[in-house]
Amino acid sequence: MDAQLVQQALVKCLSSHDATTRTSAEDFLATCQHHHGYAPLLVAIGTNNSSVVAGAGAAQASVDVGTRQLALVLLKRLVKTLWCPAAGTDDTTPTQQQQISDADKQAVRAAILPGLADAAPKLRTATAMAITAVAKFDFPEHWPALMPALVSLLQGNGVPGDAEASARAVAGSLRCLSLLADEVDDTQVELYAPALLPELCAIANGSRGHGSEARRRAFSVLRTFIGTLGLMASQKENRAKAESMLAPTLPAWLAAMTAVLATPRADDGDHAAVALQLEVLRSLTALTMSFSKVIKAPDTQAALQAAWVLFCGSADGHVSGQVVVADDDAEAEADDAYVDSDGDEVGTETILAQLFELFTTLVGGSSHYRKVLIGTCTSSALAAASQSVHASATVPGSAPWSLAAAATQAAGYQTTPIAALLATSMRYMLLPRRAELAWMGDVGKFVADDDNDLSWTARCGAEELMDGISDRCGIVGRAAIASAAGASFSTGAASSAAGRDAWKPREAAYRALGTVAESFTEAYEKGERFLDVPSLLRGPVMVDANGGSDVHPLLRARAIWLGARYASACPLDAAGGLLAAAAAGCQPGQSGPVVMASLRCAAALLGNLAPHMAMHAKGQPPSAAPRDAAEAAVDRAALFDNLTNQVVPALVTGTCSVIAHARQQSAASSVCSPGDALDALASAAADNNESESAQAVLQLAMEALAAFVAASPLAAERMHMQIVPSVLQLWSESHADPFLNRECLSCFEAFLGFPNCTLGCVEAAAPGVVSMLERVVANDGSSSGSMSAESALDLASKMLVKCTPGSPAARRAFDALFRPVSAVCLASADEQVLQGCGRCLRMLAAAPGGDAGDASLLEAWGASAGDQQAAQTLVQCAAKLLGESVGDPGALTAGPLLTAVLRRCPHVLVGSAGGGAVGAAALVAAVLRRMRKASMPRLIISLLLVGIRLLLTYDSVSTFVDAATPDGLGFFLGVWSEWHGSISGTHETAMACHALAKVLMSGDERALTQVTVKGPEISQPASGGGGGGGGRIATRSRTRASGGVRYMQIPFMAKAAELLAGHLAEEKVSAALRASAKHGSVGFPGDEEEEWETDDDDDDDDDNDDEDDDGDDGVVVASDAVLRSDGGPYAPADLLEHLLEVAGGMDDEDDDKGASTDALMTVDSVGLARSALVAWCQRLGDESSVMAIASHWDGESQMALRDCVVGQS
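Okay, so the sequence shown: first residue is 1 according to the UniProt record's numbering, each after it adds one.
Pasting the structure below:
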């Protein structure tokens, strides 16, 4: 291996500007990896040591850092792919490639460790990564000397006589160990932890003079070891072993942690010291999480107390540095975070986050963990907490907090440390000045903060801590939270006259209570009394929510927001007052946060009041007992009348103005003044398609409107002409946001459901829908407009569904929608758009004509408009849906559309009766072509029904046979015989049997005898077992082993007779069920036991089957498919559509709903079936021929055939 050539290739890969040269060098290196000596040579270049491989050639005396790093990176990649047969990545197949020789492996292991002492940090890291890659395969079996060598480097024995190089070796060894620690398992930990942990501790405690970075690395390795040992300790049999490995050095480690945490930092700019403290906190947290016995040790108490002092001291810095700062300082405040050598962000906030995680771990553990806080909190903190417990109960208006104070005092010694922790946490809850200015300038940030969509802040840590206390500490913890909030509230002031930041403790109290609202409300409903929620909402919250100009807008917004958080526990009188405050807060001129909090509060409270208002409207008494005497004294009638007539209309007016102003200013690029609420809202919504915060604002507005419609339908109906235009305008501009668009559609649909609003809604929505669809047509149906077209078609379908058939609204919708929807269908190539078009056109074709009686609205409209081609346009649209370029999802609506056209106006489509109408043959051919291509069962069945209906429109079966062509006829009849059992719906089943009877009595030999279809299963002889198994049913596995299920091929005439007999048997059962239901019984008297016995017998038979689950015994469908619930073959792509169809979620009307206008309903399918079966028997001539064919039928079908023959005779 020529070292010079390899080194030159490395240089070319890095520095050549010519792509061809670089590619050639890369190809050369790729070929080298299979040559002996290549891996050691990469080590030689990477470590700048040419003497590693004898005879390989001398490398240059000094190689640049970039080339050496590339050599080590290639070495790591080579190890991962070719080191041993087990190596490899997803895109390689190492077992088929030449592996690295044992001699090369030994050379690599012997020469690579000196690279850990390199002067360049990036080369030490690259060396450590290569060592880790080798150790993954070789340690400890083939490289037992690795760990002793690393320990020796940690001891300073890296380069004798060179202290600086030895220090670098320590850093390199620590980097290597931090990578190795993630790769080793618990069995390997046992090998080297006893020797390694003391050396790491000696580095971590600073006794050897190492800097902060080396000490941080040592703690990082310890943390990884703790994780591995913690997994061992989680297994009871290994717990003692894991603790024994950690115990000898644990006191020294804890002392080192205490020293680091207790050492004050010179300034926040000392990033290395900050990173060291962060790593210590992470290690301490991991220790307390994994080893419960450890926290009993005095050394642990000392470390935790040092963390507590740091926690309290950081709170002082948080308040002075972020809460009560000048505006200029707040704006100019620089983020002190930086990224360490591991890529982790380090800064003051990361320290706080880790402190909160540590204490959340303690309070979230067992009661034993929480008792540790007694020794953790300092005496001054405990005294301050004791005072704060009583402070909230001594101020005026303290009724809401008195219960908390009483519960806290009664809790005893466990509460005081938690109270101290919460008292400090409340200081972190104070709103920073920077956030205050940001929220006032951009309401979207206020909304995002409420939804926890922003990055971590000290508030987030305090909230997570409170959640943990509320969930794990029971009523004691919840009472402590309420006390801490009350103490904070008592130190704050509502009026800005008390000082610029005097309101912030009150706002922090509201925020804290809102954070734990879910658990507080649940506990309150269960009877826990640690906070007087009704008094809180009636008193302080109501005062601040209705505050005047002297109340800071963010305090007012937070009070209103708290009303939303406690909506389910809010008494009626307080709900009325808070809704009034929310209505005032939605009006123009209010600050953005007040507007958004008001919308949130309105949505929550109205959603909670909706059932009460509905019961009041019906004159029914309240379903729940009053929460207290104050609520019992409320005049519900007056309250709800006031809400319906005054408060809710004011809310609606304000919400509509919010939406309108946001739309009006959406294109503005200038930043609006933060003093005006709507301008601030508009600034957040300036780029509605890109700003997530603006979408959240508009989402809140739509949630409030939806809650209003649900809570007060009468008021909504009165105000619909004010609300609907705003909703439609927002809908037309929100196609890029599917969630907001769906909210608009849902709200509009609710108004369509009000009979007095339907016509007005249709007239308001039709122009916008038409305009969107016309733009799509003008763009030649390009996909760029597909999103708006889908939305427009969704809205159109909702209008058509909600319009009363034959009403003026239905006629208005037809007049507006028919031409643009059909034009989009003919122009678009998007399958979702085509599916929406087909759904709308089906409803348009099926609509009754109203004044025209049972005539089709399509036909009446076409005649009045002078357009005789309306039905033909629908057929053209159906042909587009059936086209080769449209997939099965897009073609799903073609069948229902053609069914509607054939049902409503068959004479317009197929012309005068008399055989072979214009266009019918082409339509038959198109349907059959699509059936051949279709794979979705639902599509196949819908097209089958169209073909059956077309067959019935012909005067004779022969004419249909001619249209289908011989090849198409056999295919159609084969599909029919296979899928007939999957046809659902009384009317559709009767129609299919009508067609079968027509074919059977037609005498057309081509259809009856020349076409053969799948008949009964060919019985397989029993396999093995001797004489008694002749009649035994074969299992699925045995059937597959014998070549699969085979079927007889029988004339379609015989299959049609079997299907008709089955139809008669089902009708007999249905008639018996109807008769028993009429007499008040269920099922067949006396048959229940026999039926259950039959089922049990079937179950017993199933028990003898093999264990595989590929299908159902005795049932085989096309292509070995699985059965769906309706009996048809199941296709995975059709699962969602089928489930939605069964649940009524596809927005498809039941075809039986239009059966009353279908001419085919006048036909007696049962009588026709009997006549057809009699004719079939007469055609066969003798009884033996009939019974030979019928012997393969089920018993019920045979009985039905016998009844027909006997009845005829």
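C-beta: ideal position from N, C-alpha, C; glycine also.
Residue i versus residue j: straight-line alpha-carbon distance, rounded
i	j	result
F311	A792	57 angstroms
C744	L973	47 angstroms
L72	L892	59 angstroms
F748	L572	29 angstroms
S173	A193	15 angstroms
R538	M721	35 angstroms
P94	K105	With a pLDDT of 44 at P94, under the threshold of 50, the predicted position of this residue should be treated as unreliable, though the coordinate-derived value follows. Their Cα atoms are separated by approximately 16 angstroms.
Q60	E237	Unreliable placement is indicated for Q60, whose pLDDT of 45 sits below 50; the coordinate value is still reported in the next sentence. Looking at the two C-alpha atoms, the distance is approximately 56 angstroms.
K12	L5	10 angstroms
residue 1229	A696	Residue 1229 is absent from the structure shown; the chain starts at 1 and stops at 1209.
G55	T224	In this predicted model, G55 has a pLDDT of only 41, less than 50, meaning its place in the structure is not dependable; the value taken from the coordinates is given anyway. The alpha-carbon atoms of G55 and T224 are separated by roughly 42 angstroms.
S958	S788	47 angstroms
M1053	A1169	13 angstroms
M440	A704	22 angstroms
G115	E279	26 angstroms
G347	D270	10 angstroms
Residue i (DSSP reduced to helix, strand or coil)
i	result
residue 1212	The first residue shown for the chain is 1 and the last is 1209, placing residue 1212 beyond what the model contains.
M1001	coil
Q872	helix
L5	helix
E1066	helix
V346	strand
V324	coil
V516	coil
V184	coil
V447	helix
V134	helix
V79	helix
V724	helix
Residue range of the unbroken alpha helix (DSSP H) whose run includes residue i
i	result
E1017	Per DSSP, E1017 belongs to no alpha helix (DSSP H); it is in the beta strand (DSSP E), 1012-1017.
G577	572-585
T534	Sequence check: residue 534 is Pro here, not Thr. Per DSSP, P534 belongs to the alpha helix (DSSP H) from 533-536.
G461	458-472
H35	H35 -> no alpha helix (DSSP H), and no H or E assigned at all.
L180	163-180
N608	592-617
T899	894-904
C1177	1165-1180
I560	553-565
C84	Segment: none, C84 is in no alpha helix (DSSP H) and carries neither H nor E.
Q305	298-318
Residue span of the beta strand (DSSP E) that contains residue i, given as start and end
i	result
Q646	Run containing Q646: none; DSSP gives neither H nor E here.
P1051	1047-1051
Any non-hydrogen atom of the ligand GTP closer than 7 angstroms to residue i Cβ
i	result
F960	Of the ligands one can find in the structure shown there are none, so the ligand GTP has no counterpart to examine.
Does the segment 227-234 touch the segment 185-195, meaning 3 or more C-beta pairs lie closer than 8 angstroms? yes
Which runs of the alpha helix (DSSP H) at least 4 residues long sit entirely within the segment 753-807? Give them in chain order. 758-778, 786-802
At least three beta-carbon pairs within less than 8 angstroms, the segment 29-47 to the segment 105-117: yes
Tell me the start and end of each unbroken beta strand (DSSP E) in the segment 223-293 that is at least 3 residues and wholly inside, in chain order. none
Between the segment 477-490 and the segment 629-642, can you find at least three pairs of beta-carbon atoms closer than 8 angstroms? no
Between the segment 590-604 and the segment 548-557, are three or more C-beta pairs nearer than 8 angstroms? yes
Closer than 8 angstroms is the cut-off here; do at least three beta carbon pairs connect the segment 456-468 with the segment 424-437? yes
Sufficient close CB pairs (3 or more, under 8 angstroms) joining the segment 276-287 to the segment 350-362: yes
Any contact of the segment 987-1003 with the segment 1166-1182, i.e. 3+ C-beta pairs under 8 angstroms? yes
Assess contact between the segment 139-156 and the segment 193-203, defined as three or more Cβ pairs (one per stretch) separated by less than 8 angstroms. Is contact present? yes
Would you check if there are 3 or more beta carbon pairs closer than 8 angstroms linking the segment 526-537 to the segment 556-571? yes
Within 8 angstroms, do at least three Cβ pairs link the segment 156-173 to the segment 212-220? yes
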